[in-house]
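One structure is given here, and the rest of the page talks about it.
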Amino acid sequence: MAKICIISVGTLGLVYSSCEIARRLKALGHELVLASVEPDVARLLKNKGLSFFQLSDGVPADLHDELDRTPQGAARWRLRKIATRIRRESALRGQGIEELLRAEKPDLLLVESELHNSILYLQRLSVPIMLLEYHVSVRRRAGIPPLDSRLLPAPPFVALRSALAWGKTLLLRRKKQLLERWHLRPCDARSVWQQLARDAGRKLSEFAREDQWPLLFYPAIPRLNLCAPELAFSIPKADGGFFVGPLIQRHRDEMACDREVASCRDWLEQRDARRPLVVCATGSILTLPGFTARVVDASRGAPFDLLVAAGRRAKASALGQPLANVRVMRFIPQLDALAHARLFICHGGIASIHEGLLAGVPLLVYSGGCMDENGNAARIQ
Numbered sequence: 000m001a002k003i004c005i006i007s008v009g010t011l012g013l014v015y016s017s018c019e020i021a022r023r024l025k026a027l028g029h030e031l032v033l034a035s036v037e038p039d040v041a042r043l044l045k046n047k048g049l050s051f052f053q054l055s056d057g058v059p060a061d062l063h064d065e066l067d068r069t070p071q072g073a074a075r076w077r078l079r080k081i082a083t084r085i086r087r088e089s090a091l092r093g094q095g096i097e098e099l100l101r102a103e104k105p106d107l108l109l110v111e112s113e114l115h116n117s118i119l120y121l122q123r124l125s126v127p128i129m130l131l132e133y134h135v136s137v138r139r140r141a142g143i144p145p146l147d148s149r150l151l152p153a154p155p156f157v158a159l160r161s162a163l164a165w166g167k168t169l170l171l172r173r174k175k176q177l178l179e180r181w182h183l184r185p186c187d188a189r190s191v192w193q194q195l196a197r198d199a200g201r202k203l204s205e206f207a208r209e210d211q212w213p214l215l216f217y218p219a220i221p222r223l224n225l226c227a228p229e230l231a232f233s234i235p236k237a238d239g240g241f242f243v244g245p246l247i248q249r250h251r252d253e254m255a256c257d258r259e260v261a262s263c264r265d266w267l268e269q270r271d272a273r274r275p276l277v278v279c280a281t282g283s284i285l286t287l288p289g290f291t292a293r294v295v296d297a298s299r300g301a302p303f304d305l306l307v308a309a310g311r312r313a314k315a316s317a318l319g320q321p322l323a324n325v326r327v328m329r330f331i332p333q334l335d336a337l338a339h340a341r342l343f344i345c346h347g348g349i350a351s352i353h354e355g356l357l358a359g360v361p362l363l364v365y366s367g368g369c370m371d372e373n374g375n376a377a378r379i380q
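Residue 0 is where the sequence shown starts when you use numbering that gives the first Met the number 0, and the numbers rise one by one after that.
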């Protein structure tokens with residue numbers, strides 16, 4: 000059987016999916032290794048029988064901590080520029096990918112489609128790769144809006160409105176890239192991609208298209224799409240990917256304080272089960288304090304209980320005074336909570352949508368406006 004390595008961004012939802020992929024492949028007799036620049040991923044894998052390989056973006060831990068502590072302003076901007084220069088040098092050296100290949104000797108690499116530095120670096124190496132695509136499959140074609148648009152492909156003038164939405168997306172993307180190049184060159188993302196392509200002996204345009212969603216699309220690399228195909232407005236026959244569908248890890252060791260997780264699980268078991276439960280969560284990265292505060296305020300004295308996951312970096316005090324029927328936490332064991340819920344209010348992240356569908360809980364989506372959340376909200380609508 001094969002030895003397969005998964006290279007992951009390291010965010011919580013994607014790691015859970017990667018663990019489920021690994022579990023199913025291990026059941027077929029394959030050997031699995033998971034690699035990431037995020038060291039906390041190792042904690043999730045300790046009870047999963049999976050090997051972990053630490054990649055590195057080069058930024059020392061003390062600089063990461065200082066960035067987290069420093070408020071917005073000139074000091075934070077200087078620290079960010081230092082970190083960006085370090086990340087550029089690490090990306091051009093492969094972030095430890097060649098060390099991974101020498102140590103593990105994988106037969107196949109499964110690389111998450113957001114990891115453009117890794118994908119482009121691998122073009123110079125002779126190892127088979129496939130991309131893991133977690134968002135809804137969207138290719139630019141008539142009548143289908145991009146994933147950052149709330150637009151529905153409905154009459155009238157659907158082709159024209161979709162074309163205008165694509166034009167807006169690409170214009171705003173190019174504007175952002177030009178600003179980053181002005182301030183950060185040669186450390187901005189697009190300059191790094193171009194250099195990685197040159198190091199592989201070709202132009203960036205020969206590897207990837209930049210007129211699609213997301214930032215770069217690689218026509219020549221096969222993809223496994225881990226999204227529910229029913230969420231796509233339409234799937235072109237020549238899409239080039241394989242729809243596997245959502246892979247959700249049901250049994251988890253959450254990357255959070257055990258006391259916090261245990262406290263939430265105890266509350267779920269001890270609460271009056273006759274009262275409906277509403278769960279409100281905005282994912283492991285995004286925080287929407289204004290929106291969650293309004294949800295809390297609207298629930299004051301309501302005939303249901305509200306459980307709020309405010310986000311890892313959120314302060315519960317920002318949501319106002321605690322209420323008798325409201326419990327606010329930074330982090331919740333989401334699948335456990337959804338098993339008790341009658342309604343799930345979420346930010347439109349694809350992992351949260353899949354988990355709500357798995358639990359059979361009605362979804363109320365308030366888009367956070369980040370990445371694919373607008374498009375996901377439109378598809379839920």
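Backbone N, C-alpha and C fix where the C-beta goes; we use that ideal spot for every residue, glycine too. Every value quoted in this text rests on a predicted model; they were computed, and no experiment measured them.
- DSSP, reduced to helix, strand and coil, places ILE247 outside both helices and strands of the structure shown, so it counts as coil.
- The C-beta distance from LEU130 to SER112 rounds to 4 Å, short enough to meet the 8 Å contact threshold.
- Secondary structure at LEU108: strand, using DSSP grouped into helix, strand and coil.
- With three or more CB-CB distances shorter than 8 Å, the stretch 48-63 counts as touching the stretch 23-40.
- Rounded to the nearest angstrom, the Cβ distance from GLY240 to ARG264 is 37 Å, too far for a contact under 8 Å.
- In the structure shown, LYS202 adopts coil according to DSSP, grouped into three states.
- Using a Cβ-Cβ distance cut-off of 8 Å, the stretch 147-167 and the stretch 115-127 are not in contact, since fewer than three pairs of beta carbons, one from each stretch, lie closer than that value.
- For GLU354, same chain residues with a beta-carbon under 7 Å away, outside a window of 5 residues either side, are ILE247, GLN333, LEU334, LEU337 in chain order.
- Per DSSP, the continuous alpha helix (DSSP H) segment holding ALA102 begins and ends at 96-103.
- Listed in chain order, the non-local C-beta contacts of LEU203 below 7 Å within the same chain comprise TRP192, GLN193, ALA196, local neighbours out to five positions each way being set aside.
- Distance from the Cα of ALA34 is smallest, within the candidate group LEU163, THR83, SER17, GLN380, for SER17.
- Counting only residues of its own chain and dropping the five nearest sequence neighbours on each side, ALA207 has a CB closer than 7 Å to the CB of LEU215, PHE216, TYR217.
- In the assembly as shown, GLY347 is a buried residue. Its beta-carbon has 16 or more other beta-carbons within 10 Å.
- The residue from ALA323, THR281, ARG258 with its alpha-carbon nearest to that of ARG274 is ALA323.
- When the alpha-carbon of PRO228 is set against those of CYS345, ILE220, PRO245, the nearest one is in PRO245.
- Bridge pairing for ASP304: LEU276 [DSSP].
- DSSP places SER117 inside the alpha helix (DSSP H), whose first and last residues are 115-120.
- Close CB contacts of ALA231 within its chain, under the 6 Å cut and outside five residues either way in sequence, are with VAL135, SER136 (chain order).
- Residue pairing for VAL364: DSSP places it in a beta bridge opposite CYS345.
- Put simply, the backbone Cα of PHE330 is about 24 Å away from that of ILE20.
- Boundaries cannot be given for GLN71, as no alpha helix (DSSP H) includes it and DSSP labels it neither H nor E.
- If you ignore the 5 residues before and after GLN211, its C-beta comes within less than 7 Å of the C-beta of ARG138, ARG139, all in its own chain and listed in chain order.
- With a cutoff of 8 Å on beta-carbon distance, ARG87 and CYS186 are scored as near each other.
- Looking from the CA of VAL278, the closest CA among VAL294, VAL307, SER298 belongs to VAL307.
- Shown here for SER351: same chain residues with a beta carbon closer than 7 Å to its own, the five before and five after excluded, namely ALA280, GLY282, CYS345 in chain order.
- The residues ARG274, PRO275, in chain order, have a CB closer than 8 Å to that of PRO302 in the same chain once the five nearest residues on each side in sequence are set aside.
- Secondary-structure assignment with DSSP links GLY93 through no beta bridge to anything.
- Pairing ALA82 with LEU66 gives a Cβ-Cβ distance under 8 Å.
- Taking ARG184 as reference, the option from LEU170, ARG84, ILE349 with the minimal CA-CA separation is ARG84.
- In this structure, the CA atom of TYR133 is about 12 Å from the CA atom of THR10.
- The C-beta of HIS115 has 16 or more other C-beta atoms within 10 Å across all chains shown, which makes the residue buried.
- Taken atom to atom, the span from the alpha-carbon of PHE242 to that of SER190 is near 32 Å.
- Comparing alpha carbon positions, the residue from TRP165, ARG299, GLY142 closest to PRO155 is GLY142.
- Exclusion of the five residues before and after ARG160 leaves LEU150 as the residues of its chain whose Cβ lies within less than 7 Å of its Cβ.
- Judged by DSSP in its simplified three-state form, LYS2 adopts strand.
- In this structure, the straight-line span from the alpha carbon of HIS182 to that of ALA60 is close to 24 Å.
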